Structures are given as structure tokens and as C-alpha cells.
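Read through the structure below, which is laid out as C-alpha cells, and then see the notes.
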């Protein structure tokens, strides 16, 4: 079964996932295999293993079949569901593992610089390793009253390409379908939600770069296993729309807004932000000192930063007495604001790198690597009052302020304690 280039009419219940699955299955390699070529031993063994593994397929009950299907890749599922009506129903109701979903519109994804009109890219990645064939991506755009869905046919051994390769006008290896009387922005989100439902909403990573809220009745209320998220939008309400779908505890949360956007204090107090283990915020946020100190993240980044010197001093004091975030790694405040070094370090046991720290044995290589990664600046080592072998590097420069957990307690084989310095 195949679908010719051109258009299909939108069904009553929206875009049919099976259509795209069939097209993926029919995609040919740019380098055709000669029909009379002798099969290799590996190909023969693979074929025998595949056939042998399914010789008792018809004897399995539905639960056993679903257990087997859960280990199949997407392309094999597409082949299996065409064998019979029962197989189609079994495959369509079985969860598929999806590691990552990306939704990016051309207004936000500035690196897609060859798009001729507004569009949205949806990318589905099945595995964390992202091996060749483990992902696909499509582009949604508006054609009059209709939505065009376009994707580039890839070599079977190639890795995924980004949106620019999909719309390369002179490349004939692409296909498209047309959905009648619908808005491309809404259809792109519906398509992404269909894939979220295919994996029972158990996706690990989510990347959203969108400029508006889709006018749809979302069926996705919670993404319980989504732990790494990056959201980008010039509209705070778009960030709200997606953040509400996340669990209250995430491992890595990144928010990106234009620098002239002011995010409200109410937004900064939601649990998805305050409980994040790693939090990066590229926005001119109206963040108070109290809100900053309430964050539990081990890695923090803000751009630009409105945090006062007093709040930074309080953060360092809390860490020094053992009340800071567990396994703290870093804070980076991107700002040209001049910091008062004395006020930031007041009441702390600290040592300037220029006082001889840079030349000590076992430290020279660390100092060189630090300057190479962070750039030249004024550095101090701040020591813990409860663990003498633990310390932080406080970094001042014209472009940013940083705090890094660089000094860690280590033990020799003979029991001798020492401090090991590394960039987190």
C-alpha cells in the first residue's frame, strides 16, 4: 500500500496516524538495492530469526502479543499491523516507546532560515541514543484554507536531518499530504498529541518552541514521566499551557523568552519551577530575592539577572553551613551588572585565586581549564564551614557572575582526605 504525492482529505476525527506510518514504510533508499543481489549471511540469519520468532504468533493471546509488540521498532510495527485486522487492532492499542518529542514553529526556531512561510516542525524520537532510523520529522504549513504536511525521504542508513532539509526545493525526495479546511498550527499540535497518546503520555523529553497557544481542546492533561523539558515562547501564557502538563518534579527545565518579556512572580512560584533539579531561565524575569532563594535546583541560569548581591551572599552562607541545594553544581547569571565583591563574600571564609591559590600543586591544571571554559575573570574560592574539603568557585566578569561547585572531598586508598577540583 502506498500514497501518491498530492493531497488527501482530512477525516472527521483529524489526521490519521496510519497514513504517515504507511508512507514511512514505503520510503525507499536513495541507493536502490539490485533485485538480483545475493543476500548476505547476516541478512539470511536475520530473516530466519524473524520468521522463526513469529511462527507461533497466531497461538498467542492478546496480552502476549502486546508484550512482544512492545519490543518492536516502529517500522516493524507498521509491517505487522497490515497482516490482519486482529494484528492491526493489537498494534494500534499497544504502547510504543517515545523518548523525545519536539514542536517548533518558524517564528521561534530562528535557525530554520530557509522557510518560505510560517510553519511548524514536529519531530518524534523513539530512543535516547537516536540511532539511524530512530526518529522522523514533518513540517506543517498553511496553503490557503488547507494544511500541507511535508517530509523528506531519508536514506535508510542516514541520521535525522532538521527542518531545512525538508523544504529544500530542488530535492525531489520528499512527499506531502494535504488536510482540507484546517489551520496548520492546530494540526501540528494535534499530531504531536496523537504521538503522546501512542506512548500513553510516557515521554522522557519535550521541546516546545511556539509563539501562540493552539486553539484546540487538549486531551493531554499530564506527562507523568517527562523529566527534561525546554520551552520557548514570547507569550507567558504559552509557557503556562505546557507547564501545566508536567509533573511537579522535573530533572531539567529550560525556559526561553525574549529579553523584553517580563514574567510575573505568580509564574515563577509554580512547583514545576521551584522543584526543578536543574533550571535555566533566559528571560528578563521579575524574580525577587525570596523566590530565587526558594529554588531547589542544583544548576541555575538566568539572563539577564535581577538578583541582588545580598541574595547571592545569603545563598553562599546557606551553602557554607550545609543548608544549600544537595549536590549543588552551578549558578550562572548572565548580566553586565557590576557586582560588589565585598558584599557578595561578606561573612564567608574565602580566598582569592590571586593570593597564591592558582600556583598550588594539583590546582594549576584546574585553573587553566576553568579559565578556558569560563573566560578570564576575578575568582575566589569559598570554603564550607561544615566540610573543610568542600568549596565553591565564585566568578566575577564583565558579562556574567557564576558560582560553581568545584572543590569535592576525596579519599586516598590509605584513608587520607584531600580536595579534588573539577569544573561541574
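Numbering (the numbering used here), first residue to last: 101 to 524. C-beta: ideal position from N, C-alpha, C; glycine also. If you're wondering where the values come from, they're calculated on a predicted model, not measured in any experiment.
Which residue comes first and which comes last in the alpha helix (DSSP H) that contains residue i?
i	result
residue 418	409 to 420
residue 189	185 to 192
residue 168	162 to 169
residue 174	174 to 180
residue 339	336 to 343
residue 366	365 to 368
residue 444	441 to 444
Taking the continuous beta strand (DSSP E) assigned at residue i, which residues delimit it?
i	result
residue 289	Run containing residue 289: none in the beta strand (DSSP E); it sits in the alpha helix (DSSP H), 284 to 298.
residue 452	450 to 452
residue 250	246 to 252
residue 392	Careful: residue 392 lies outside any beta strand (DSSP E), inside the alpha helix (DSSP H) at 389 to 394.
residue 240	235 to 243
residue 517	517 to 521
residue 274	274 to 279
According to DSSP, residue i sits in a beta bridge with which residue or residues?
i	result
residue 502	432, 495
residue 477	None, per the DSSP bridge assignment.
residue 305	200, 328
residue 399	378, 430
residue 458	In the DSSP output, where bridge partners are listed per residue, residue 458 has none listed.
residue 352	328, 378
residue 205	220
residue 508	520
residue 225	200, 235
residue 482	450, 492
Among the options, whose alpha-carbon lies nearest the alpha-carbon of residue i?
i	options	result
residue 445	436, 438, 480, 403	480
residue 396	159, 380, 476, 410	380
residue 218	202, 228, 226, 244	244
residue 426	398, 202, 409	398
residue 340	349, 524, 355, 517	355
residue 296	285, 197, 227	197
residue 335	349, 313, 350	313
residue 315	284, 502, 520, 304	284
residue 289	337, 304, 476, 342	342
residue 353	391, 389, 366, 400	400
residue 166	187, 179, 348, 156	187
residue 487	517, 367, 475	517
residue 525	519, 321, 179, 406	In the structure displayed, the chain extends from 101 to 524; residue 525 sits before or after that span and is not available.
residue 96	322, 366, 357, 365	Past the boundaries of the shown model lies residue 96; the chain is included only from 101 to 524, so the question cannot be answered.
residue 525	498, 421, 294	The chain is shown only over 101 to 524; residue 525 falls outside these bounds and no answer can be derived.
residue 498	484, 478, 511	478
residue 240	230, 287, 443, 225	287
residue 469	161, 506, 511, 419	506
residue 484	524, 423, 474, 236	423
Rounding to the nearest angstrom, what Cα-Cα distance links residue i and residue j in this structure?
i	j	result
residue 346	residue 195	20 Å
residue 259	residue 234	Because the pLDDT of residue 259 is 40, which lies under 50, any placement of that residue in the model is unreliable, and the number read from its coordinates should be weighed accordingly. Looking at the two C-alpha atoms, the distance is approximately 8 Å.
residue 215	residue 318	Note that residue 215 scores a pLDDT of 49, beneath 50, so its modelled location is shaky; the value from the coordinates is reported in the next line. Taking the straight line from one Cα to the other gives about 28 Å.
residue 158	residue 174	21 Å
residue 451	residue 482	7 Å
residue 200	residue 465	38 Å
residue 394	residue 374	7 Å
residue 371	residue 171	35 Å
residue 403	residue 363	12 Å
residue 454	residue 408	25 Å
residue 324	residue 302	6 Å
residue 437	residue 206	33 Å
residue 304	residue 391	27 Å
residue 435	residue 168	54 Å
residue 377	residue 191	37 Å
residue 177	residue 145	20 Å
residue 262	residue 275	Reliability of the predicted coordinates at residue 262 is poor, the pLDDT of 38 falling under 50, and the value obtained from them is presented with this limitation in mind. Distance between the alpha carbons of residue 262 and residue 275: 16 Å.
residue 441	residue 382	24 Å
residue 203	residue 220	7 Å
residue 508	residue 338	40 Å
residue 417	residue 228	39 Å
residue 522	residue 223	36 Å
residue 456	residue 449	16 Å
residue 238	residue 189	25 Å
residue 388	residue 294	39 Å
residue 143	residue 320	41 Å
Quick one: is residue i near chain D, going by C-beta distance under 9 Å?
i	result
residue 277	The question asks about chain D, but that chain is absent: this structure has only one protein chain.
Between residue i and the ligand HEM, is there a pair consisting of the residue's CB and a ligand heavy atom that are separated by less than 8 Å?
i	result
residue 493	Looking at this structure, you won't find the ligand HEM or any other ligand, since it has none at all.
When you compare the stretch 450 to 463 with the stretch 428 to 437, are there three or more beta-carbon pairs, one atom per stretch, that lie closer than 8 Å? no
Tell me, please, whether the stretch 291 to 311 touches the stretch 326 to 337 by the rule of three or more beta-carbon pairs shorter than 8 Å. yes
With a threshold of 8 Å, are at least 3 pairs of Cβ atoms found where one atom belongs to the stretch 237 to 251 and the other to the stretch 279 to 296? yes
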